[in-house]
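4 protein chains.
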Amino acid sequence: MQHPTAPIPVGVLGATGTVGQRFVTLLAVHPWFVLHALGASPRSAGRPYAQAVNWKQTTPIPAAVRDVVVRECVPEAFRECTIVFSGLDADVAGDIEAAFRAADLAVFSNAKNFRRDPHVPLIVPLVNTAHLAMIPQQQAQFTPPLARGFIVTNANCSTTGYVVPLHALERAFGPLEAVLVTTLQAISGAGYPGVPSLDIIDNVVPYIAGEEEKIEWETLKILGGLSRADASSPGGAGALAFDMHAAHPLRVSAACNRVPVIDGHTECVSVRFARRPPPSPQQVREALAAFAPDAQALGCPSAPRRTIVVHEEPDRPQPRLDRYYQDGAGVSVGRVRQCAVLDIKFVVLANNVSIGAATSSIINAEVAVLKNVVKY
Amino acid sequence: MQHPTAPIPVGVLGATGTVGQRFVTLLAVHPWFVLHALGASPRSAGRPYAQAVNWKQTTPIPAAVRDVVVRECVPEAFRECTIVFSGLDADVAGDIEAAFRAADLAVFSNAKNFRRDPHVPLIVPLVNTAHLAMIPQQQAQFTPPLARGFIVTNANCSTTGYVVPLHALERAFGPLEAVLVTTLQAISGAGYPGVPSLDIIDNVVPYIAGEEEKIEWETLKILGGLSRADASSPGGAGALAFDMHAAHPLRVSAACNRVPVIDGHTECVSVRFARRPPPSPQQVREALAAFAPDAQALGCPSAPRRTIVVHEEPDRPQPRLDRYYQDGAGVSVGRVRQCAVLDIKFVVLANNVSIGAATSSIINAEVAVLKNVVKY
Amino acid sequence: MQHPTAPIPVGVLGATGTVGQRFVTLLAVHPWFVLHALGASPRSAGRPYAQAVNWKQTTPIPAAVRDVVVRECVPEAFRECTIVFSGLDADVAGDIEAAFRAADLAVFSNAKNFRRDPHVPLIVPLVNTAHLAMIPQQQAQFTPPLARGFIVTNANCSTTGYVVPLHALERAFGPLEAVLVTTLQAISGAGYPGVPSLDIIDNVVPYIAGEEEKIEWETLKILGGLSRADASSPGGAGALAFDMHAAHPLRVSAACNRVPVIDGHTECVSVRFARRPPPSPQQVREALAAFAPDAQALGCPSAPRRTIVVHEEPDRPQPRLDRYYQDGAGVSVGRVRQCAVLDIKFVVLANNVSIGAATSSIINAEVAVLKNVVKY
Amino acid sequence: MQHPTAPIPVGVLGATGTVGQRFVTLLAVHPWFVLHALGASPRSAGRPYAQAVNWKQTTPIPAAVRDVVVRECVPEAFRECTIVFSGLDADVAGDIEAAFRAADLAVFSNAKNFRRDPHVPLIVPLVNTAHLAMIPQQQAQFTPPLARGFIVTNANCSTTGYVVPLHALERAFGPLEAVLVTTLQAISGAGYPGVPSLDIIDNVVPYIAGEEEKIEWETLKILGGLSRADASSPGGAGALAFDMHAAHPLRVSAACNRVPVIDGHTECVSVRFARRPPPSPQQVREALAAFAPDAQALGCPSAPRRTIVVHEEPDRPQPRLDRYYQDGAGVSVGRVRQCAVLDIKFVVLANNVSIGAATSSIINAEVAVLKNVVKY
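Residue numbers (the working numbering), protein chains in the order written: chain A, 46 to 421; chain B, 46 to 421; chain C, 46 to 421; chain D, 46 to 421.
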């Protein structure tokens with residue numbers, strides 16, 4: 046794979062929001078990408094970034110963007126960008142991202158709007174970068190076909206963390222049959238202002254609107270493969286389709302809770318393997334620790350050097366102590382043990398604002414560059 | 046059933062501890078029981094209660110006990126008590142409670158030491174007061190047999206909350222086959238000083254030592270029945286034994302987490318019924334709401350008027366808002382819905398310091414009085 | 046004083062908000078007042094209260110109001126009410142409260158809009174009910190003069206707590222010269238949704254917009270007296286005016302912080318007395334403990350039985366343990382000691398949603414009833 | 046000043062504790078110092094560091110020390126060390142540090158035991174490194190005089206933060222007359238296990254044992270100068286003594302609170318200057334921002350590049366957002382404004398585990414190396 050030899054100009058949509066601030070922080074020091082344009086709502090457009098943003102990161106606003114004038118989220122304002130990262134809210138992301146794609150821009154989105162689109166890959170970069178193979182078919186839907194424009198989405202923050210070990214397990218031991226996951230999700234997953242403090246201090250909220258459905262559905266799309274449709278398919282014989290893990294049907298049940306944690310989603314997972322007997326806890330630990338995703342092999346600069354750390358201490362992972370593992374790009378697993386109902390249970394921790402959001406989009410773009418899916 | 050006509054003198058062991066303070070608070074206003082003696086460690090013995098205790102309740106120390114001189118936890122100091130409630134720590138509870146029983150005192154304990162004893166009932170008062178039938182056999186182990194002394198334990202705080210709806214479901218729909226529970230437990234469950242604040246603010250600890258084993262084992266003892274042993278039993282043919290749900294083997298898998306909540310354990314539960322097809326979510330909701338335990342029928346003054354409240358709002362129960370339901374003696378259930386892996390899933394909230402600890406012991410004693418198990 | 050012999054019908058404006066919910070909770074069990082009408086925004090009007098409100102109290106919605114249909118906040122809808130309590134937000138309270146007064150209704154408001162009005166008393170009921178003497182002059186401003194309508198406001202929640210001990214000290218030891226107060230304020234003071242959790246978990250915000258100015262100004266109006274203006278006054282010779290503590294100028298400096306506490310404002314106060322030598326810490330403790338306000342002497346049913354509790358333990362008061370003192374109507378003081386810069390320093394704790402908000406308005410109304418300021 | 050040309054071997058006493066872990070983390074990457082020996086209690090001695098420590102940092106244990114065998118805290122075990130940093134608890138620090146000094150080792154201590162010793166400098170490295178001039182006299186107390194051994198302490202974590210701006214103000218505007226400070230202190234200041242979570246979640250504790258006395262006394266020693274005693278001094282004419290700000294007596298009044306914040310002490314400060322009229326808020330802001338301490342001029346590698354950042358936003362500094370400023374070695378000030386009682390008030394934030402503890406000791410050692418007080 047050839048790494049780019051010249052800086053690639055990129056833009057950020059929704060740059061003043063929670064995820065947008067993370068994009069800006071990460072891209073300001075990226076080895077390949079250079080921040081060229083920042084987009085936000087009409088209310089912010091025209092103002093220097095430092096004035097438009099209510100900055101909530103623990104590092105200062107990168108000096109290079111303090112005085113950058115925020116643009117409106119229209120494609121004409123991002124013409125010089127090869128890639129656009131979207132941290133837009135779902136209520137506006139659909140139309141804007143579609144317009145950017147139609148203007149032949151490569152869009153890597155953190156929004157949910159296109160995740161269920163049958164031609165849009167839903168990619169967790171440590172899991173299913175192979176789904177980028179759908180891009181040509183996505184571009185071919187347009188008349189004339191798009192040369193460079195497309196949309197790739199990343200997954201919901203609570204899905205991202207736990208599909209990494211699930212994928213590692215399927216790679217090592219074959220298909221899973223059932224997954225039961227209970228999440229303890231950080232408040233930053235709800236954006237800003239997000240969760241009112243009166244709702245969460247000294248409290249747990251055992252419900253996050255739409256979250257369980259997202260986990261249950263997205264897991265199938267991500268862990269499933271791409272298959273060629275038969276003649277009865279609306280796309281016609283030979284069209285590519287996401288198979289939703291159809292070869293080995295997978296039942297997923299999620300229960301989602303909000304807890305008073307700033308960053309880092311903790312997830313208690315139980316799984317049942319198709320293979321009997323199932324692997325032992327020790328085999329599972331070894332398979333998880335050994336897992337290396339394509340993104341790492343490709344040499345993506347933002348991919349974690351080690352993907353999954355398996356804790357031996359009985360009380361880890363913990364969000365406050367482990368969310369910075371691999372700068373938030375890695376995944377922590379602990380407490381791998383037998384489950385009396387399914388086969389194996391364990392705890393996953395993933396940083397919802399890093400690998401669970403902006404970092405995922407950036408690695409997705411890195412992979413797409415290395416695989417020549419992004420034309421530059 | 047005849048309610049007592051004269052006050053019954055009671056004592057509290059471990060009266061200065063977290064659970065002991067709850068016993069004192071509740072017994073100070075009890076309609077039948079009158080606080081006669083308070084016991085604590087030798088360090089506290091001899092001092093007025095108000096000086097010996099590091100009071101952490103939001104109500105003041107009851108006036109009637111402020112100046113009561115704390116006693117050592119020896120049976121001679123509690124001779125006038127008919128009932129003794131124990132909030133002792135596990136490291137001393139074993140020997141002390143045994144000594145009190147041997148001195149022919151009725152002991153209702155919150156400690157774990159005797160929960161696995163084959164002659165000691167492990168009673169959640171909203172579930173299995175029928176297990177008091179074991180007491181004569183327990184007394185008969187002694188030479189000469191005890192006339193009034195025995196030990197009854199209540200369950201671990203995380204077990205107590207969720208076995209109430211499980212029992213209601215078994216009563217309505219027959220035996221369960223599998224239960225998977227993930228807990229989000231309050232810090233007060235660990236006593237005082239308990240959980241260091243550095244470990245839990247902005248954090249979750251996905252491990253509580255021994256807790257998962259307790260839930261998995263205690264559930265079987267509580268939900269199981271009493272059966273007559275056959276001739277091969279060490280107790281001989283006809284001896285009573287706790288059958289650990291043996292007629293319909295039940296698999297229980299627990300994953301326990303500590304969260305930054307003061308009081309109130311939240312538990313995400315998935316269950317599978319033996320009966321096919323299983324009941325619908327609506328049938329489950331109705332069965333839970335209709336559930337009335339024996340303790341209520343008997344007229345126990347500390348039993349909740351309604352046992353289970355079923356919330357219709359999607360985001361309830363929540364510990365901060367719902368832990369005071371029925372003065373902490375009731376159980377809240379919400380989010381009853383289908384589970385893609387087992388049959389039905391729901392959320393349970395129980396107040397770990399009330400029904401999960403002191404309140405349970407007190408209702409157990411009330412039942413034992415009404416059933417003439419306590420002699421007075 | 047004659048207590049009312051028949052129920053007095055009352056209404057609540059802003060009944061679905063945070064303060065409004067407290068009004069509803071308290072008034073549902075009030076011995077004199079009976080809830081007759083609930084008002085809220087046009088969005089809520091016409092719906093049963095239980096549907097219109099996002100109930101956030103730890104006690105259930107009072108049964109008597111669950112099905113009460115919410116009204117718009119217009120005087121015609123509250124004609125049968127003798128008293129109207131206002132928990133309206135400041136952005137609408139001004140016009141609505143003025144309209145209710147003009148319609149000859151007695152308004153007791155928790156909003157800030159009229160606090161600086163030269164004819165509106167700003168009353169902390171444990172301090173300056175004497176300021177009700179301004180009501181006739183307020184009514185006389187209208188043409189024709191109002192017979193029953195007027196507005197009385199209570200103070201900002203952070204002012205209320207600490208002026209009670211300040212007033213007790215002035216009554217015992219004469220005027221204060223300087224007060225320096227640093228607050229640690231609960232999140233509930235900001236209403237709902239109020240403070241985003243991302244801003245306050247594991248954090249302190251050393252700023253609350255407008256709060257320091259409110260404390261510094263309101264303290265002078267509350268602790269000051271009513272005096273007769275001279276001929277140069279715009280009101281003419283003999284008009285009553287709030288003197289803003291003018292006889293003994295008082296310097297007040299406030300520093301306000303938001304902390305992650307649900308309810309209960311903690312305030313660190315240092316004071317300097319005019320009198321030299323100043324009283325000793327022990328004299329201050331005795332004066333505070335002995336303080337009995339007029340509201341208590343009058344027999345107001347919602348007044349605390351004891352107003353100020355003086356803690357001897359060095360680490361009290363604490364919001365979580367002491368905010369329920371006297372059902373939140375009392376004030377806790379602790380750590381009375383010498384100040385190396387001023388004279389005496391101490392810590393005050395007051396429940397901002399009880400005595401700091403709804404409870405104050407209700408006691409104000411009780412006093413006004415007993416003093417025949419409210420005509421019924 | 047000559048920077049050292051060879052690594053300087055250093056040891057850490059109390060290496061498994063909260064402050065010790067910070068020392069280890071910082072020293073593992075220090076440009077001059079190399080970790081040579083780790084000391085802890087006899088219980089830990091003999092075990093590899095990674096096993097002996099309950100590691101609570103968000104970065105992993107430095108690889109170079111994982112397998113280092115922990116030693117007992119006796120001088121013989123640290124003979125090869127030029128400098129020893131002490132993170133010992135106060136209950137053992139006195140004897141151990143004295144023994145290390147007597148064995149001619151240079152001790153930089155975070156413990157309180159020697160802070161009030163008339164020959165031990167109490168140094169905040171951004172303020173009073175000039176007090177190192179006391180070392181020769183400290184060494185001369187011994188028979189024979191010590192050649193290399195001495196003790197230097199740093200200040201209490203709550204003192205450290207706010208004396209930096211106080212010193213900057215005195216340098217710019219002359220002596221202060223009065224300082225009133227109210228602190229909101231993080232839980233990490235109490236070590237581990239430290240503050241029980243039941244005491245601080247949803248709570249404030251308005252008391253920290255001994256803390257107010259420490260602030261009030263240490264401020265005078267740090268801000269005061271060194272003066273030559275007259276003939277009546279016990280040390281004889283010409284002996285050096287800490288003058289405790291005697292030339293311009295300074296009154297300091299502190300009120301200390303514990304708040305639910307992990308790291309970062311927030312302090313609300315009001316000051317009165319001797320000079321009349323006092324400086325304006327704008328002059329104060331400029332003086333604070335311009336302040337550069339000796340440690341910076343000397344080129345200490347751990348000194349912050351900028352010492353004080355002055356925030357213009359009204360709601361800053363905040364501990365969660367600002368505690369990492371300059372890797373925790375700098376001090377944040379905000380809300381500089383007039384005080385109605387004294388002259389000027391402002392908010393200070395300092396990272397209590399960095400500049401407030403280990404970082405201070407390390408910079409002190411760096412200064413002592415550069416000034417040739419440490420012989421190596």
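Note that the Cβ used here is the ideal one computed from N, Cα and C, for glycine as well.
Chain B contact for residue i (CB, 9 Å cutoff)
| i | result |
| --- | --- |
| Tyr252 (chain A) | yes |
| Pro364 (chain D) | no |
| Leu394 (chain D) | no |
C-alpha distance - residue i paired with residue j, whole-angstrom precision
| i | j | result |
| --- | --- | --- |
| Val306 (chain A) | Ala395 (chain A) | 13 Å |
| Gln341 (chain C) | Ala348 (chain C) | 6 Å |
| Trp262 (chain D) | Arg382 (chain C) | 17 Å |
| Ile260 (chain A) | Val355 (chain D) | 45 Å |
| Tyr370 (chain B) | Phe130 (chain A) | 48 Å |
| Ala151 (chain C) | Ser377 (chain C) | 31 Å |
| Glu258 (chain A) | Val57 (chain D) | 52 Å |
| Val55 (chain C) | Glu312 (chain C) | 33 Å |
Below-9 Å beta-carbon distance, residue i vs any chain A residue
| i | result |
| --- | --- |
| Lys101 (chain D) | yes |
| Thr104 (chain D) | yes |
| Val304 (chain B) | yes |
| Arg350 (chain D) | no |
Given residue i as reference, the closest of the options once Cα atoms are compared
| i | options | result |
| --- | --- | --- |
| Pro87 (chain B) | B:Arg382, B:Ala60, B:Thr70, B:His48 | B:Ala60 |
| Ala108 (chain B) | B:Asp136, B:Tyr94, B:Ile128, B:Gln186 | B:Tyr94 |
| Gly236 (chain D) | D:Gly194, D:Ala51, D:Leu58, D:Val64 | D:Val64 |
| Tyr207 (chain B) | B:Glu358, B:Leu333, B:Ser131, B:Asn409 | B:Leu333 |
| Asp162 (chain B) | B:Asp134, B:Val172, B:Ile128, B:Ala200 | B:Ala200 |
| Gly344 (chain D) | D:His176, D:Cys384, D:Ser242, D:Lys416 | D:Lys416 |
| Lys423 (chain C) | B:Asp360, B:Cys202, B:Glu117 | Given that chain C is displayed from residue 46 to residue 421, the structure contains no residue 423 (chain C) and the question cannot be resolved. |
| Thr174 (chain A) | A:Arg368, A:Leu271, A:Val69 | A:Leu271 |
| Arg92 (chain B) | B:Thr70, B:Glu312, B:Ile353, B:Val115 | B:Val115 |
| Glu357 (chain D) | D:Gly379, D:Leu366, D:Thr205 | D:Gly379 |
Rounded distance between the beta-carbons of residue j and residue i, thought under 8 Å
| i | j | result |
| --- | --- | --- |
| Glu142 (chain A) | Asn158 (chain A) | 7 Å |
| Asp149 (chain B) | Ala192 (chain B) | 6 Å |
| Trp77 (chain B) | Ile106 (chain B) | At roughly 22 Å, the Cβ-Cβ gap does not stay under 8 Å, so Trp77 (chain B) and Ile106 (chain B) are not in contact. |
Contact with chain C by residue i, beta-carbon distance below 9 Å
| i | result |
| --- | --- |
| Gln182 (chain D) | no |
| Arg161 (chain B) | no |
| Leu243 (chain A) | yes |
Closer than 9 Å to chain D by CB, residue i
| i | result |
| --- | --- |
| Asp367 (chain B) | no |
Are the segment 382 to 401 of chain A and the segment 306 to 320 of chain A touching by the rule of at least three beta carbon pairs closer than 8 Å? yes
Given 8 Å as the limit, is there contact between the segment 182 to 194 of chain A and the segment 244 to 263 of chain A, that is, 3 or more CB pairs closer than that? no
For the pair the segment 219 to 232 of chain C and the segment 392 to 410 of chain D, tell me if three or more CB-CB distances fall below 8 Å. no
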